[in-house]
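Just remember that my numbering sits 741 ahead of the position in the sequence shown, which is counted from 1. A virtual CB, placed ideally from N, CA and C, is assigned to each residue, including glycine. Only a predicted model underlies this, so the values are computations on that prediction, with no experimental measurement involved.
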Amino acid sequence: MIKKSDGPKLRKLKEGWRFIQIKVNYDYWKRVKAAAALEDKTLEEMLDDIIRFYIDYKYSRLKSM
């Protein structure tokens with residue numbers, strides 16, 4: 742269902758942008774921030790690693806089916 746407030750999202754989709762929305766709880770978010778600090782990475786780099794791992798995991802599960 743498209744709402745009136747979805748204008749910027751639709752514009753991004755029309756321009757060919759890719760984005761992933763992930764819902765996390767606050768405790769998980771604190772652990773990600775702590776892990777990023779331990780590995781001397783920025784938060785963006787850590788989130789990129791997590792998203793890449795998640796996509797690889799889902800893809801490998803699809804291949805095994």
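Residue i to residue j, Cα distance in whole Å?
i      : j      : result
Leu779 : Met787 : 11 Å
Tyr795 : Thr783 : 19 Å
Lys804 : Ile792 : 18 Å
Lys744 : Tyr767 : Note that Lys744 scores 48 on pLDDT, short of 50, meaning its location in the model is unreliable and no value can be drawn from it.
Under 7 Å Cβ to Cβ from residue i, same chain only, skipping five residues before and after it: list those, please.
i      : result
Asp790 : none
Quick one: residues in its chain with C-beta nearer than 8 Å to the C-beta of residue i, no 5 flanking neighbours on either side, listed in chain order?
i      : result
Val773 : Val765, Leu784, Met787, Leu788 and Ile791
Ala776 : Met787
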